[in-house]
Every structure is written in structure tokens, then in C-alpha cells.
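Enquirer: So the sequence shown is numbered by this note's numbering: it starts at 2 and just counts up by one.
Ideal placement from N, C-alpha and C gives every residue a C-beta, glycine not left out.
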Amino acid sequence: MDRLTSEGESINESMTSHHHMLATIFKEWKRLRKRNGKKSLQALDKLAEQLLLHIEIEEKIIFPIYEITFTGSAAVTPILKQQHTRIKEYLNTIRKRMPTGLGESFGLDTEFARLLDVHNATEEYAVYPWIDELVGSEENEMVFSILDSFCWNQLNRNSGRFQEE
Ligand SMILES: [Fe+2]
Ligand SMILES: [Fe+2]
């Protein structure tokens, strides 16, 4: 099975790479939407699939590690979880409004992109850097094993599938 990370890569770097991957799919969706309804819908579905997996990794693995040390008002995770709920709502709403995959989504994608930017920046600044600090090298290996078994193959699945012929 493919590893989640390259040798020596930190959990912080690995999760940040996921954000970059998601941003790439988002741009691809916007580009395709102007000209190819079917592929645009596929890209949107891929964005949803990957975002939901990403959120699941965070809520089941990353945030619980963070919350061992950061609790109460010191923790940013309650806000991040609320944002996850909003991200899922945006995905659902946009999908419903784009039955053909073409056209505008009434400015929602701009709001959605803004939320994702703020959300990801907060995680990259306030959560991910701590994860490598909070787990020792043995646990770090364990976290990677869990992440790998979780979904790395799925996250990478069909990458590039939405290139236009
Ligand atoms: Fe998140
Ligand atoms: Fe994230």
C-alpha cells in the first residue's frame, strides 16, 4: 500500500499537502465548470469525497491528539469542527444547485473558497505544527500507520482523472 507520506515527512507537512491537493481539485472544478458539465460534476464529486475523508481524518485522528493537551478555551478545535459542518453544508448546497454541472453556483463557491482558506490556514498555524510535537517518534509511526490504513489510497485515487482529453 502507498504510504501517506514520503520518508521523514512530518504529520504537519503531510496534512498541509492534503490542503494543497484539495485546492488543486477546487480550481479544477471551477475551470471545468465553464465548459464541461459532466466533468465538472465529477470534479465536484471528487472534491466532496476528498474533503469528507480529510475531515474524517482530522476529527478521528488529528484533533483528538491535539485535544489531549489543548482543552477548554485554549482549543481551536471546537471552531474548526463547526467550520467542518459548514463545509459539508456548502458541498451539499452547491451540488444541489448544479444539476447539470454547468453555470454559476450563485456566488457560493466564492464564500466556500474563503471559508476553506481561513479554515486551512488556522489548522496549518494552530493545530498541525503541534501534532508532531505532541507525539513521540514511536507514536508518530503509529499515527502514520493509521493514516495509511485509513485512506491514503483513496485520497490519491484517480488523481488527474479530470484532465480534459
Ligand atoms: Fe479541517
Ligand atoms: Fe485540514
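1. Can you find at least 3 beta carbon pairs, one from the stretch 67-86 and one from the stretch 24-39, that sit closer than 8 Å?
2. Please indicate yes or no: does the CB of E50 lie closer than 7 Å to some heavy atom of ligand 2?
3. Going along the chain, which residues of its own chain have a beta-carbon closer than 7 Å to the beta-carbon of P130, five neighbours each way excluded?
4. With distances taken from each beta carbon to the nearest heavy atom of ligand 1, which residues come in below 6 Å, in chain order?
5. Whole-angstrom Cβ separation of I95 and L109, contact assumed at under 8 Å?
6. Could you tell me how far apart the beta carbons of I173 and V119 are, in whole angstroms, since I believe they sit closer than 8 Å?
7. Can you tell me whether G73 is helix, strand or coil according to DSSP?
8. Can you have a look at M143 and say buried or exposed, based on whether 16 or more other CB atoms are within 10 angstroms of its CB?
Expert: Here's the rundown:
1. no
2. no
3. N13
4. I56, E59, L81, H85, H120 and E124
5. 5 Å
6. Here the chain comprises residues numbered 2 to 166, so residue 173 is not present and cannot be evaluated.
7. helix
8. exposed
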